[in-house]
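Data first, discussion second: the structure below is written as structure tokens.
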Amino acid sequence: STISELNKKAYVHIEDWRNRPLQGGKYPYAYVDGIYLRRNWGGEYENVAILVAIAVNEAGYREV
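For the numbering used here, add 84 to where a residue sits in the sequence shown, where the first one is 1.
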């Protein structure tokens, strides 16, 4: 379907972004947070963790 094809194209960009090197040198602080959502995967409901990590460099700038 059209939505599936669009998702495939989007996931390529998402994976590139997720695996990019962090810029800005050292990161003395990192904040990690998450939330659990109940999702339907293949007809079964499961709890899925959504995680976010934010790194803070020495100048105080944050990067997700």
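Every residue, glycine too, gets a C-beta built ideally from N, C-alpha and C.
- Message: Pop quiz: PRO112 and GLU142 are said to be a contact at Cβ under 8 Å. What is the actual Cβ separation, rounded to whole angstroms?
- Response: Walking along the sequence shown from the start, residue 112 turns up at place 28. Walking along the sequence shown from the start, residue 142 turns up at place 58. Correct: roughly 6 Å between the Cβ atoms.
- Message: Given this structure, state the Cα-to-Cα distance separating ASN131 from ASN91, to the nearest angstrom.
- Response: Position 47 of the sequence shown holds residue 131. Position 7 of the sequence shown holds residue 91. Rounded to whole angstroms, ASN131 to ASN91 spans 22 Å at the Cα level.
- Query: Would the beta-carbon of ILE134 fall within 8 Å of that of GLY118?
  - Reply: For the purposes of this step, residue 134 is identified with residue 50 of the sequence shown, where counting begins at 1. For the purposes of this step, residue 118 is identified with residue 34 of the sequence shown, where counting begins at 1. Their beta carbons are under 8 Å apart, which means ILE134 touches GLY118 by this criterion.
- Message: Out of GLU147, VAL116, ALA94, which one is the CA nearest neighbour of VAL136?
- Response: Within the sequence shown, residue 136 is the residue found at index 52, counting from 1. Per the Cα distances, VAL116.
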